[in-house]
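In what follows, a single structure is set out as structure tokens and then discussed.
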Amino acid sequence: MDKFVIRGGNPLLGTIKVSGAKNSALPCMAAAILTEDEVILENIPQVNDIETERKLLTSMGAEVELGYGRAQHRTRIKCAILSDPVAKYEIVKTMRASSLVLGPLIARTGIARVAMPGGCAIGGRPIDLHINGLEAMGATITQDHGYLEARADRLKGAHIVFDKITVTGTEDLLMAATLAEGESIFENCAREPEVTDLAALLIAMGAKIEGAGTGTIRIQGVSKLHGARHRINPDRIEAGTFLIAGAITGGDLNVDCCEPKHLGALITKLEQCGVKIDVGTDHVRVRSGGELKAADITTEEYPGFPTDMQAQYMALATQAEGTSTVIENIFENRYMHVQELIRMGANITISGRTATVRGKTPLQSAAVMCSDLRASASLVLAALVADGETILDRIYHLDRGYEHFEEKLRGVGAQIRRMGDVFGRK
Ligand code: EPZ
646 MDKFVIRGGN PLLGTIKVSG AKNSALPCMA AAILTEDEVI LENIPQVNDI
696 ETERKLLTSM GAEVELGYGR AQHRTRIKCA ILSDPVAKYE IVKTMRASSL
746 VLGPLIARTG IARVAMPGGC AIGGRPIDLH INGLEAMGAT ITQDHGYLEA
796 RADRLKGAHI VFDKITVTGT EDLLMAATLA EGESIFENCA REPEVTDLAA
846 LLIAMGAKIE GAGTGTIRIQ GVSKLHGARH RINPDRIEAG TFLIAGAITG
896 GDLNVDCCEP KHLGALITKL EQCGVKIDVG TDHVRVRSGG ELKAADITTE
946 EYPGFPTDMQ AQYMALATQA EGTSTVIENI FENRYMHVQE LIRMGANITI
996 SGRTATVRGK TPLQSAAVMC SDLRASASLV LAALVADGET ILDRIYHLDR
1046 GYEHFEEKLR GVGAQIRRMG DVFGRK
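Have a look at this one:
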């Protein structure tokens, strides 16, 4: 398994470019299931989860081209025939976001078999809200041998109030409702930019949607959708990760090709920490403002502080003077990075959903283990300021969601290299 070797101590200087959002690209690729026409998506990030989605769609009978040539980062998807509307366990177990094909498949073909995704490092990750919503729209859903089977002649519009705010739950049902008979009204929806991005694609495909990005979304079902071309949003979590990289190393970093309006909660928090931030139209410059000051965070649904930035912020908090309280409200087990940060010298205690970080503590290099995508990013950030050379194992977690991570960081002065497995194992 590949490892990263990172020598800490260099401030990051210069411009670093943000790629397209993985969490927008995944639902938008699934949306191509809703039409027999060609869908072209641009600004697709070259990350492993996208390759997994390509395999998933291809396994169901879709034609999927994925090109990353100089101007490309484009995928062309054509689901003219879906000969095998099954999301197989071998694929789903590597990416639980595969459940995003459930709604589109049943809306397009009337039948869907999707392996239950199972949990992951950060929590149980149930999909009961997806299932309840589809049943409210008239689907019959059974479960056997680890698979969900959903059937419906034609889904019917429904009035659904989500028990909890769920990003992919909102996306799954939004896609299903576009081809349902009649009107759907969904309340307590996720307002994440990825939902709005998906809705923009669906509307370009002929869907009738109002209110995406707010808590209430209204959809008028149509009988057919047509192809479209759509550019995926910049990745706000990759951008946020780079902003913290600039802050934690005391550098002067221009994070380019991002969408600053998606970064409000993080920018406000970094300014509270004493970091200097200059916001442009499609870039944000981060500079050291002297000693970092402690500041508390509570993760909330968008536009609150994103749970996907909690681990990265915690690495920064270890370098701030004072005590920072971190409350993780969204997932029940999203502190896998804490033990590894402690092994590097951090002073962190956990009580239930609350982590208390006492800083500033110098970090030492160590051999550390990546456990999930954002915990891995947190360890990279810590290694960038640790004394000596840190070895990060199991960086395949990072390869799922960060495009050319080491090249981008090396390009602004980080001392980071990838060390392949001596036996070539992935
Ligand atoms: C999406 O996951 C993202 N993934 C996650 O990003 C992100 O952390 C999460 O939203 C929260 O913002 C993608 O978009 C592919 P949820 P999702 O449904 O949709 C509970 C990353 O790092 N819940 O909004 O799976 C759930 O357990 C990944 O890129 C139910 O109880 O998250 C959680 O506690 C990690 N029943 C809460 O809701 C359900 O049916 C929010 O989960 C669905 C969710």
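Oh and the sequence shown: position 154 is 799 in this note's numbering, straight run, nothing missing. Even for Gly, the Cβ is constructed at its ideal location relative to N, Cα and C. Just so it is clear, the structure is predicted and the values come from calculations on it, not from any experiment.
query                                                                                                          : result
Beta-carbon proximity check, M850 vs L819, cutoff 7 Å                                                          : no
Beta-carbon spacing of A1027, M981 below 7 Å                                                                   : no
Distance, E966 Cα to D941 Cα                                                                                   : 12 Å
Ligand 1 heavy atom lying under 6 Å from the CB of G814                                                        : yes
Own chain partners of L1029 with C-beta closer than 7 Å, once the 5 adjacent residues on each side are dropped : I651, G653, A890, I893, T894, A1059
Bridge-paired residues (DSSP) for Y713                                                                         : Answer is none; Y713 lacks a bridge partner.
A873 vs V709 beta-carbon contact at 7 Å                                                                        : no
Endpoints, the alpha helix (DSSP H) within which K598 is located                                               : Past the edges of the chain, shown from 646 to 1071, lies residue 598, and the structure says nothing about it.
L671 CB to nearest heavy atom of ligand 1 below 6 Å                                                            : yes
Contact belief for A835 with I805 at Cβ below 8 Å, rounded distance in angstroms                               : Not quite, the Cβ-Cβ distance comes to about 13 Å (not below 8 Å), so this is no contact.
Proximity winner among I661, M1064, D1017, N668, relative to V1057 (alpha-carbon distances)                    : I661
Near ligand 1: N668 beta-carbon under 6 Å from a heavy atom                                                    : yes
Whole-number beta carbon distance between K738 and G763, since they are thought to touch under 8 Å             : 7 Å
E687 beta carbon less than 7 Å from that of R876                                                               : yes
Contact the segment 876 to 886 vs the segment 852 to 862: 3+ CB pairs below 8 Å                                : no
Enclosing beta strand (DSSP E) for I1036 [first to last residue]                                               : 1034 to 1038
For Y1047, the three-state DSSP class (helix, strand or coil)                                                  : coil
Check whether T1001 and T963 have beta carbons under 7 Å apart                                                 : no
Beta-carbon gap between L750 and I678 smaller than 7 Å                                                         : yes
E1048 versus S664: straight-line alpha-carbon distance, rounded                                                : 7 Å
Unbroken beta strand (DSSP E) run spanning L915, endpoints                                                     : Note, L915: premise wrong, no beta strand (DSSP E); alpha helix (DSSP H) at 909 to 917.
C-alpha gap between E837 and L658, whole angstroms                                                             : 30 Å
8 Å contact criterion, which Y947 and M646 should meet: CB distance rounded                                    : That pair is no contact at about 33 Å.
Spatially closest choice to C1015 from F807, R979, T999, by CA coordinates                                     : R979
CB of V905 within 7 Å of CB of V867, strictly                                                                  : A quick correction: the sequence has Pro, not Val, at residue 905. No. Outside cutoff.
Reduced DSSP category for T841 - H, G, I as helix; E, B as strand; rest coil                                   : helix
Cβ neighbour criterion (16 or more within 10 Å) applied to D773                                                : exposed
Cα-Cα separation, Y734 to I987                                                                                 : 36 Å
Local Cβ density within 10 Å of Q955, reported as buried at 16 or more and exposed below that                  : buried
Heavy atom of ligand 1 within 6 Å of H775 beta-carbon                                                          : yes
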